Amino acid sequence: MAKETAKVTKRATKTDDAQKKKRTKKDPSAPKRGLSAYMFFSQDQRTTVKEENPEATFGQIGKLLGEKWKNMSDEEKKPYVKKAEADKKRYEDEKAAQ
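Going left to right, the sequence shown walks through residues 1 to 98 as full-length UniProt numbering numbers them.
Here's what the structure looks like:
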């Protein structure tokens with residue numbers, strides 16, 4: 001005799017919604033956060049990876065970029081790290097000026 005299992009789902013109720021914490025709205029005039037070294041690398045290399053792998057999906061391109069980044073030496077990462085440090089300083093300066 002086969003067992004039948006029923007999937008039980010919980011529906012949101014008004015009390016559940018009221019209990020959730022409200023997020024504060026982000027200030028539209030706030031400065032944009034600094035990018036990481038990997039993000040600068042990703043912006044720089046994304047088109048190259050796309051050209052090399054035209055059939056790759058967005059997720060696959062991200063994985064390829066991640067693998068490339070992992071396999072890079074610290075010396076190869078240095079220009080991107082410098083850009084990230086400069087961008088972090090820009091963010092901190094803009095935030096302090098607010």
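In this text, a Cβ means the ideal position worked out from N, Cα and C, and glycines have one as well. Fair warning: this is a prediction, and the values are worked out from it, not measured in the lab.
In this chain, Pro28 is not harboured by any alpha helix (DSSP H), its DSSP state being neither H nor E. Lys83 is positioned such that its CB atom lies no closer than 7 Å to that of Phe41.
The way I'd put it, the segment 64 to 80 doesn't touch the segment 18 to 33; fewer than three beta-carbon pairs between them come closer than 8 Å. Residue state for Pro54 is assigned as coil, using DSSP reduced to three classes. Excluding the 5 residues flanking it on each side, Tyr91 has same chain C-beta neighbours closer than 8 Å at Pro31, Lys32, Arg33, Gly34, in chain order.
DSSP, read as helix, strand or coil, puts Met39 in helix.
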